[in-house]
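Chemist: One structure, as structure tokens, below. Some questions next.
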Amino acid sequence: MEKKLDTEKRQEELSWLENLQRNSWEPEVIISGITLAFLFAFPSQLFEFAAYLIQDLGTGFLPAILILVYSSTIISVFKIFFVVHLILRFVWAGLLGLSYAFPEGVIEKNLFKVGQGYRYQKPDEMVLKLERICSMTFAFPVSLVITFLIFTVYLGILISIYIWLDLPFLFIYLIFLMTVLGFVFFTISSRRTRFKKWYASTIISSISSLYQSNLGKWFTVFYAFFIFILAIPIIMTDIEDFGMFDNERNIGGPIEQEWPAKYLHFEDYHDPEKRYPRAFIDQEITNDNIIEISIARYEGDRKVMEDIKKNFSGKLDSLQWRELTETAHLHRIYVDNSLIPIGKWSKVRFPNTKQKIYQAVFDLKELAPGPHTLRVEKLMLSYDFFNNEPQFIVLENWSSFEFIKQ
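The sequence shown begins at 10 in this note's numbering and counts up by one.
Shown next as structure tokens:
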């Protein structure tokens, strides 16, 4: 009697699973649609978070760009997966309609003679085949989600330790690199350990093994590699203009100088939800005789200022630079290569982004109507990975753009 009850229970479970499998397209489409809406909105938040790390926490450009690229890679890969899945489901829905409209499939005698004598697939065969492909495409990212989640949490812990203890970034980078290499060697090692047996029974390993054993190991590897290659253009779009947040370099690239982005230099072009990387003013065309200039504050400048005062005071004297009492004094303003004296810098925090800004005003009365170049010069120290003695640098084109006086 108990055996009969177990058999009936097993059949009910199989029937329930089969019903779920038949109707899996509904949650698949809903999940893909919702996830895509989230993924397309998320990259701008990642960009702002990476800028926040540099400006407010002083992490440096290299850690921030690595975090941005890593995050953008994850987002872009999943974008491709879910877009492909929705496209396949769109085709599947069309084939489903064909199977209902023409259940018998191709009527060969009604074809032109050149089309007769061949074997054509029936609509229901195509539906079932594409259904299998759709389900496989949707399930593939599951193993990646878990893997990326583990590495993201681990990376977040390392970055938190790096910021909290103010460690050299090389130290954190080496730890992360050694961990990744250790994991790679562990997965390709043929030695059977207790931990490896446990790992083989996990969801990550089981899903990966399912794909490798049913589709072919090299097909699975090249498929994942192909998706990452497709993601590269999306990643490049997501990190566009992030180089402007590199506080330790001049504006020197051909794109930045010859084709400047106005939204980075003028408030009337700028999205108030985004941060400014360097210097900016209210508007490109001004009718006033007074102009207000704003400069993004970088937390890392505090250490630079103290080190310059301690170790490079002679350099300040030779450059006839003013006394450094706050990080705004690391900057000098020029209009058409004429030095503009700044009496006082005001401290402001923007309401939307909470970004800290220095602001000052200067006179334009003597300036003739027409285009003029505003340039910001900045003192900087370049630190290497090993925290050796920093190099003193004068960034003559830390920020540069044109405005028009009417």
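Beta carbons are placed, not taken as given, at the ideal position from N, Cα and C, and that holds for glycine. From a predicted model like this one, the values you see are computed outputs, not experimental measurements.
#1: Based on DSSP bridge pairs, tell me the residues matched to GLN400.
#2: I need the DSSP call for HIS338, collapsed to helix, strand or coil.
#3: In the DSSP output, which residue or residues are listed as bridge partners for ALA369?
#4: Please determine if the region 49 to 68 and the region 113 to 126 are in contact, where contact requires at least 3 C-beta pairs separated by less than 8 Å.
#5: Measure the CB-CB distance between ILE6 and ALA73 and report whether it falls below 7 Å.
#6: Residue range of the alpha helix (DSSP H) that PHE289 falls in?
#7: What are the boundary residues of the alpha helix (DSSP H) that includes ILE238?
#8: I'd like to know whether the C-beta atoms of PHE56 and PRO269 end up nearer to each other than 7 Å.
#9: Would you mind reading off the limits of the alpha helix (DSSP H) that contains LEU71?
#10: Grouping DSSP H, G and I as helix and E and B as strand, with all else coil, what is ILE116?
#11: Just to confirm, are HIS340 and ARG331 a CB contact at a threshold of 7 Å?
#12: In the DSSP output, which residue or residues are listed as bridge partners for HIS381?
#13: Looking only at its own chain, which residues have a Cβ that is under 6 Å from the Cβ of TYR171, when we skip the five neighbours before and after it?
#14: In angstroms, rounded to a whole number, what distance separates the CA positions of SER416 and ILE184?
#15: Which of helix, strand or coil does DSSP assign to ASN346?
#16: According to DSSP, is TRP207 helix, strand or coil?
#17: Name the two residues that bound the continuous beta strand (DSSP E) containing LYS312.
#18: Roughly how many angstroms separate the alpha carbons of MET187 and SER85, rounded to a whole number?
#19: Can you grab the Cα-Cα spacing for the pair LEU14 / SER210, in whole Å?
#20: Just to confirm, is the Cβ distance from GLU375 to GLU405 under 7 Å?
#21: Express the C-alpha separation of LEU174 and GLN329 in angstroms, rounding to a whole number.
#22: To the nearest angstrom, how far is it from the Cα of ILE349 to the Cα of VAL370?
#23: When DSSP labels each residue in this structure, what does ASN223 get in the three-state scheme?
#24: Locate the beta strand (DSSP E) running through VAL357, then write down its first and last residues.
#25: Would the region 314 to 321 and the region 292 to 301 be scored as touching if the rule is three or more Cβ pairs under 8 Å?
#26: For the candidate residues LYS283, PHE275, ILE413 and VAL93, whose alpha-carbon lies nearest to that of MET145?
Modeler: Let me spell this out:
#1: SER391
#2: helix
#3: ILE302
#4: no
#5: Within the shown structure, residues of the chain are numbered from 10 to 415, placing residue 6 beyond reach of any answer.
#6: Segment 288 to 290 is the beta strand (DSSP E) holding PHE289; no alpha helix (DSSP H) there.
#7: 226 to 247
#8: no
#9: 70 to 110
#10: coil
#11: no
#12: PHE412
#13: ILE181
#14: The question about residue 416 has no answer here: the residues shown for the chain are numbered 10 through 415.
#15: coil
#16: helix
#17: Run containing LYS312: none in the beta strand (DSSP E); it sits in the alpha helix (DSSP H), 310 to 320.
#18: 26 Å
#19: Confidence is the limiting factor: at LEU14 the pLDDT is only 49, short of 50, which leaves the residue's position unreliable, though a coordinate-based value still follows. LEU14 and SER210: Cα-Cα distance of roughly 30 Å.
#20: no
#21: 36 Å
#22: 10 Å
#23: helix
#24: 355 to 358
#25: no
#26: VAL93
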